[in-house]
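Participant: Below are the structure tokens for one structure; questions will follow.
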Amino acid sequence: MKTAITTYKDMIAYFGEHSFKTCGFDTECTSLDYFDLEMTGFSLSNGVDTCYVDIYKNKDRKAMVGLLKELFRSHIKSFAMHNAPFDLKVLHKEGITEVSDKIFCTMTAHHLLNENSQHGLKELATKYLDVVPVTFDNASVRGMKTQEFYDYAMNDALWTFQLMKLFNKKLYELDLNRLFFEVEMPFQFTLMDMMINGVQVNLEELEELRIEAAATKLKLQREIYEMSNIGYSLQPDMFTGEVEFVSKVKLSNQTLDKLFKKRGLVTPYKTKTGAPSYGAETLVHFEGNEFVDLLAQFNIVDKLLGAFIVKLPQHVAKDGRVRAAYWNTGAKTGRLSCAEPNMQQLPKKKKKLTFDYKRIFEVPEGKVMISVDYSGQELRILGVVAKCPILISAFKAGVDLHLMTANIVFQLGIPEEKMITTHPEYEALKEKYEHERYIGKNGYNFPIIYGTTSYGISKNCGISEKEAQVGIDRFFSAYPNVRTAIQRTSDFLRDNWHVRTLTRRRRRLNPDDKKSHRQAFNFLIQGLAADMIRCACNKVRKIGIDNPHWELKQIMIVHDEIVFEMNEQCTDEAVPKIKDAMETAMNLPLRMPVEIGIAKNYSGAK
DNA sequence: GGCTGCGAGACTCG
DNA sequence: TCACGAGTCTCGCAGCC
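Residue 1212 is where the first sequence starts when you use our numbering, and the numbers rise one by one after that.
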């Protein structure tokens, strides 16, 4: 039975007669952004009865929201949502913060069950419930008061309820229930927090950075064009008066092809379509050439300015904070994805250029920013996943793993105790074998996690394929359990067409696809790392709630890093507890050490 | 001639 | 054939008016 409710009186009568102790829930609202967001209505369904309560421009709006708050406080014991962080965020904006922690996000459930397909409610309803959804243009539904719209809104709650029933059963069948209920569902509240909190942006510093970057871009552009005898002119922008660079010739691939060939620089790299490539690889290849170096610097500044500096203001809300969208279901491995803006790709400070983009993300007066990131997280997980005693004991002893791998691959003959980072000779050795350590790290340790080949290593490190193969053989001889683990994963994939992390997260892959074996092994590491950060967030969130005087806010997650904002008076008390919670977030045979940075802005905290 | 949508390629991060 | 996981920008092409 479907009922549309438009008055407070009817609402009281309806909820007096109908029970929604366990229900599907969905909200309609005016905006996706927390700052401008206002709930216009909500729907509830218990599978038999479904209702929509229209509160948009309703004279009793306040009382109706109050009644909903009361329902959540004393009646609704558990509820399902499709994309829980969003609905929780809407409730939070309406002051409804006291909700059951027994939630069920059908979107995340589906991601665990079927990581390879789409997770939209309409798609899932079509696929699993055999219905034909009506689609509305999101902008046009706002404030619509028609039966057609009420039906549309009610279906969302009903379908969410029905999908919960289906998915719940399946989660138990596939042994994903613990991951779902103990890790994923508590984590929905962290995602809600982050999307409410956002990060404060210093718009004045951003403007300074824009002016600095624009001037550098113009300077580099002029040098490149003059060097290449290409005509250009400078003219003031009609509105701002700022100098604009104008030329008929753009630095397209075709132009670059001519300019490189004119200098006798023939690139060995090609694009997928077979055309000569003038990307980063080529620029590194010809490093030292004046023209190429200018071009490399130009590309960095151009990207920074175009993709980050000038785009950021459109994401900053009126309160000066940017609230990105984090997607729990964005990556097949279980990692989070982030968009609008993507806080996980903020440019780092570059060696050759002075721009420091991260400094514009800051905290208000009286607060500090704390960045906590796992050190060598994936390598440590490799040790755990491969059950490799050599790696595990090296980590426990505090050995520099990159130097240790270099020691093996290049047969440097360094005694193990001298590779412990606290050993008096360690720093000198690290400096002496800087190049070998670099290859150990970027040529072996990380690429092995990705499943690379001798070809990949030779290309990456500028050594021959033969040398690379010798290195790989030495690597696997030194860490035999890693080789066994890779083989075991591959065999398991071939037999079962899927693999699972230690947290039981599943990834299905076609073993006939050659790439799938690399993806499978990498998933064991990347997927576990993703669940570790969830466990860490859940643990720290609890501690923060127990210590309200810390005013602890989670404001960013960047794969192996959590960024907090908190009361600067409380860091001495809070930091050791946060550190301990994160290092022991999961019960593993190895503690996962973290590195902590505290400052007033993101650049300083990194 | 100009607009729009789309995919490729290049870049950003862990 | 050759290194895992993402998002976003610009460019060039196809299709259309």
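Glycine included, C-beta positions come from ideal geometry on N, C-alpha and C.
(1) Find the nearest neighbour of A1679 within the set F1621, R1716 and R1648, judged by alpha-carbon distance.
(2) My output table needs one value for E1794: the three-state DSSP class, helix, strand or coil.
(3) Would a C-beta distance cut-off of 7 Å place V1342 and A1336 closer than the cut-off?
(4) Look at W1761 and A1792 and say whether their C-beta atoms are less than 7 Å apart.
(5) If we count the other Cβ atoms within 10 Å of its Cβ and call it buried at 16 or more, is N1749 buried or exposed?
(6) Provide the residue span of the alpha helix (DSSP H) that contains C1234, from first to last.
(7) My output table needs one value for D1684: the three-state DSSP class, helix, strand or coil.
(8) What first and last residue would you give for the alpha helix (DSSP H) that runs through F1372?
(9) What does DSSP give as the partner residue(s) for G1252 in the beta ladder?
(10) Do V1774 and S1548 have their C-beta atoms closer together than 7 Å?
(11) Give a yes or no on contact between the stretch 1681-1694 and the stretch 1505-1521, applying the rule of three or more CB pairs nearer than 8 Å.
(12) Kindly indicate the opening and closing residues of the alpha helix (DSSP H) around G1808.
(13) Classify V1454: buried if its beta carbon has 16 or more other beta carbons within 10 angstroms, exposed otherwise.
(14) Roughly how many angstroms separate the alpha carbons of R1284 and V1310, rounded to a whole number?
(15) Please state whether DSSP places H1330 in a helix, a strand or coil.
(16) According to DSSP, is M1777 helix, strand or coil?
(17) From Y1637, P1558, K1300 and F1378, pick the residue whose C-alpha is nearest to that of L1324; which is it?
(18) Could you tell me which residues DSSP puts in a beta bridge with H1185?
(19) Report the rounded CA-to-CA distance for T1233 versus F1372, giving the unit in angstroms.
(20) So is K1304 buried or exposed if we call it buried at 16+ other beta carbons inside 10 Å?
(21) On the premise that F1400 lies in contact with L1299, defined as a C-beta separation below 8 Å, what is that separation, rounded to the nearest angstrom?
(22) Please report the straight-line C-alpha distance between K1381 and M1375, rounded to a whole angstrom.
(23) Do G1235 and A1291 come within 7 Å of each other at the CB atom, strictly closer than that value?
(24) Could you check what DSSP says for A1350 in three-state terms: helix, strand or coil?
(25) What separation, rounded to the nearest whole angstrom, lies between the Cα atoms of G1594 and L1612?
(26) Have a look at Y1690, L1505 and F1734 and flag the residue whose alpha-carbon is nearest the alpha-carbon of H1709.
(27) What are the boundary residues of the beta strand (DSSP E) that L1445 is part of?
(28) Might you give, ordered along the chain, the residues of its own chain that have their beta carbon closer than 8 Å to the beta carbon of R1705, omitting 5 neighbours on each side?
(29) How is W1708 classed by DSSP in three states: helix, strand or coil?
(30) Tell whether a beta-carbon distance below 7 Å holds between V1250 and C1240.
(31) Between I1407, D1367, L1602 and I1571, which has its C-alpha nearest R1534's C-alpha?
(32) Use the C-beta contact count for L1414: other C-beta atoms within 10 angstroms, 16 or more gives buried, fewer gives exposed.
(33) Helix, strand or coil, according to DSSP, for D1530 in the structure here?
(34) Give me the Cα-Cα distance between Q1465 and K1428, rounded to the nearest whole angstrom.
(35) Would DSSP call C1549 helix, strand or coil?
(36) With distances taken from CA atoms, which of S1814, T1633 and A1796 is nearest V1579?
Facilitator: Well, looking at it:
(1) F1621
(2) In the structure shown, E1794 sits in a helix (DSSP, three-state: H, G or I).
(3) Closer than 7 Å, so yes.
(4) The answer is no: Cβ separation not under 7 Å.
(5) buried
(6) Where C1234 is concerned, there is no enclosing alpha helix (DSSP H), although the beta strand (DSSP E) it sits in stretches over T1233 to C1240.
(7) Helix.
(8) Residues Q1358 to E1384.
(9) G1252 is bridged to E1239 and D1265.
(10) no
(11) no
(12) Note, G1808: premise wrong, no alpha helix (DSSP H); beta strand (DSSP E) at V1805 to A1810.
(13) exposed
(14) 6 Å
(15) In the structure shown, H1330 sits in coil (DSSP, three-state: anything other than H, G, I, E or B).
(16) strand
(17) F1378
(18) The structure shown has nothing for residue 1185, since the chain only spans 1212 to 1817.
(19) 9 Å
(20) buried
(21) Correct: roughly 7 Å between the Cβ atoms.
(22) 10 Å
(23) Yes; because the gap between Cβ atoms is below 7 Å, this pair is in contact.
(24) Reliability of the predicted coordinates at A1350 is poor, the pLDDT of 46 falling under 50, and the value obtained from them is presented with this limitation in mind. Three-state DSSP puts A1350 in a helix.
(25) 11 Å
(26) F1734
(27) Unbroken beta strand (DSSP E) run through L1445: S1444 to P1447.
(28) P1722
(29) Residue state, collapsed to three classes: coil.
(30) What sits at residue 1250 in the sequence shown is Met, not Val. The answer is yes: Cβ separation under 7 Å.
(31) I1407
(32) exposed
(33) In the structure shown, D1530 falls within a coil segment according to DSSP collapsed to helix, strand and coil.
(34) 21 Å
(35) strand
(36) S1814
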